[in-house]
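Peer 1: Mind having a look at this structure? Questions to follow.
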Amino acid sequence: MSSRKNLKSEIESLLFISNRPLRKKELVNFFKVNKEEINEEIKNLISQYNIASSGIRIIDNGDEIEMITGPENAGVVKDFLKVEIEKELTPAGLETLSIIAYRGPISAEELSELRGINCAIILRHLLIKGLIVEKEEEGKFLYQVSLDFIRHLGINNLEELPNWQKLNRNVSLSELREREDEQFVSPA
Numbered sequence: 000m001s002s003r004k005n006l007k008s009e010i011e012s013l014l015f016i017s018n019r020p021l022r023k024k025e026l027v028n029f030f031k032v033n034k035e036e037i038n039e040e041i042k043n044l045i046s047q048y049n050i051a052s053s054g055i056r057i058i059d060n061g062d063e064i065e066m067i068t069g070p071e072n073a074g075v076v077k078d079f080l081k082v083e084i085e086k087e088l089t090p091a092g093l094e095t096l097s098i099i100a101y102r103g104p105i106s107a108e109e110l111s112e113l114r115g116i117n118c119a120i121i122l123r124h125l126l127i128k129g130l131i132v133e134k135e136e137e138g139k140f141l142y143q144v145s146l147d148f149i150r151h152l153g154i155n156n157l158e159e160l161p162n163w164q165k166l167n168r169n170v171s172l173s174e175l176r177e178r179e180d181e182q183f184v185s186p187a
C-alpha cells in the first residue's frame, strides 16, 4: 500500500497528459516515494488497462512507462489522426505555437506560466501536426518549432518573423511586460 492516498490515479493522470514516456526515477522524485511504491502502482495500472476490452495500454521497459493506444485500434487511430492533422489550429494552439516560435526552445512549464494554463494537450496536438519538435537538454524537455513549420511559413529562419528583434528569447519577459505597460499608460 502506498504512502500517498491517490498515487495510482495521480500516475494515471500524468501518463494521460504526458506527450512522452515518463521515467520511473522522475516519478519517484516527483511524488517523493520509493521505487517499490511506484512499481506497485504501475503494476496495478497495467492490470487495469492491459486487457482485451481496453483500447489503452500501459507499456513498461523497466525504466520508463507510457500510456498508448491498443494495437488492435491502430487503423482507427491512424484515420482519426489524419483528420486531426488536417484541421485548422484553435486560437489556443496558434497562441502556443507563436510563443514557441518567438521564445523557444521553451519548457512546458515556462509555456504554461506564460499562458496561464496547462499546455500539455496543446503541445501534444502541435507535435502530432509536426509543427513543433521536442528535445531533451539537461534532463528537461524543451519545445521549438519544426523545420516543417518554418518551410510552411515560407521563411528561411525565425529571424524573418514579424517583430523578431522585439519579441525573441533574448528579450526578458519582464522587459516585454514593461514595454507593454508603457504602451497602455495614458498620457498625464
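Numbering-wise, numbering that gives the first Met the number 0 puts 70 at position 71 of the sequence shown, and it's gapless, one number per residue. For glycine and all other residues, C-beta sits at the position ideal for the given N, C-alpha and C.
With H, G and I counted as helix, E and B as strand and the rest as coil, what does DSSP make of residue 106?
Peer 2: Numbered from 1 along the sequence shown, position 107 holds the residue referred to as residue 106. In the structure shown, residue 106 sits in a strand (DSSP, three-state: E or B).
Peer 1: Whose C-beta lies closer than 6 Å to the C-beta of residue 119 among residues of the same chain, with five residues either side of it excluded?
Peer 2: Position 120 of the sequence shown holds residue 119. Cβ neighbours of residue 119 beyond the five flanking positions: 16.
Peer 1: Is the distance from the Cβ of residue 69 to the Cβ of residue 46 below 9 Å?
Peer 2: For the purposes of this step, residue 69 is taken as residue 70 along the sequence shown, with counting starting at 1. For the purposes of this step, residue 46 is taken as residue 47 along the sequence shown, with counting starting at 1. Taking 9 Å as the Cβ cut-off, residue 69 and residue 46 do not qualify as a contacting pair.
Peer 1: For the segment 40-102, list the beta strand (DSSP E) runs that are entirely contained and at least 3 residues long, ordered along the chain.
Peer 2: For the segment 40-102, whole beta strand (DSSP E) runs of length 3 or above, ordered along the chain, are 55-59 and 63-68.
Peer 1: Assuming residue 131 is part of the beta strand (DSSP E), what are its boundary residues?
Peer 2: Indexing the sequence shown from 1 puts residue 131 at position 132. Note, residue 131: beta strand (DSSP E), 131-136.
Peer 1: Is residue 26 buried or exposed, if buried means 16 or more other CB atoms sit within 10 Å of its CB?
Peer 2: The residue given as residue 26 occupies position 27 in the sequence shown. Residue 26 is buried by the Cβ-count criterion.
Peer 1: Between the C-alpha atoms of residue 111 and residue 127, what's the straight-line distance to the nearest angstrom?
Peer 2: Within the sequence shown, numbered from 1, the residue matching residue 111 stands at position 112. Within the sequence shown, numbered from 1, the residue matching residue 127 stands at position 128. Approximately 19 Å between the Cα atoms of the pair.
Peer 1: How is the beta strand (DSSP E) around residue 23 delimited, first residue to last?
Peer 2: Locating residue 23 in the sequence shown gives position 24, counting from the first residue. Not the beta strand (DSSP E): residue 23 falls in the alpha helix (DSSP H), residues 23-30.
Peer 1: Just mark residue 138 as buried or exposed, buried being the case when its beta carbon has 16 or more other beta carbons within 10 Å.
Peer 2: Within the sequence shown, the letter at position 139 stands for residue 138. Per the 10 Å Cβ criterion, exposed.
Peer 1: By the DSSP assignment, the beta strand (DSSP E) with residue 141 in it spans what residues?
Peer 2: As a working mapping, residue 141 is identified with position 142 in the sequence shown. Residue 141 -> beta strand (DSSP E) spans 139-144.
Peer 1: Tell me which same chain residues have a C-beta within less than 7 Å of the C-beta of residue 59, skipping the five on either side of it?
Peer 2: The residue labelled residue 59 in the question sits at position 60 within the sequence shown. Hits under 7 Å: 41 and 45.
Peer 1: Look at the alpha carbon of residue 262 and the alpha carbon of residue 163, and state the distance between them as a whole number of angstroms.
Peer 2: The displayed coordinates of the chain run from 0 to 187. Any statement about residue 262 would go beyond what the structure contains.
Peer 1: Use the C-beta contact count for residue 79: other C-beta atoms within 10 angstroms, 16 or more gives buried, fewer gives exposed.
Peer 2: Locating residue 79 in the sequence shown gives position 80, where the first residue counts as 1. It counts as exposed.
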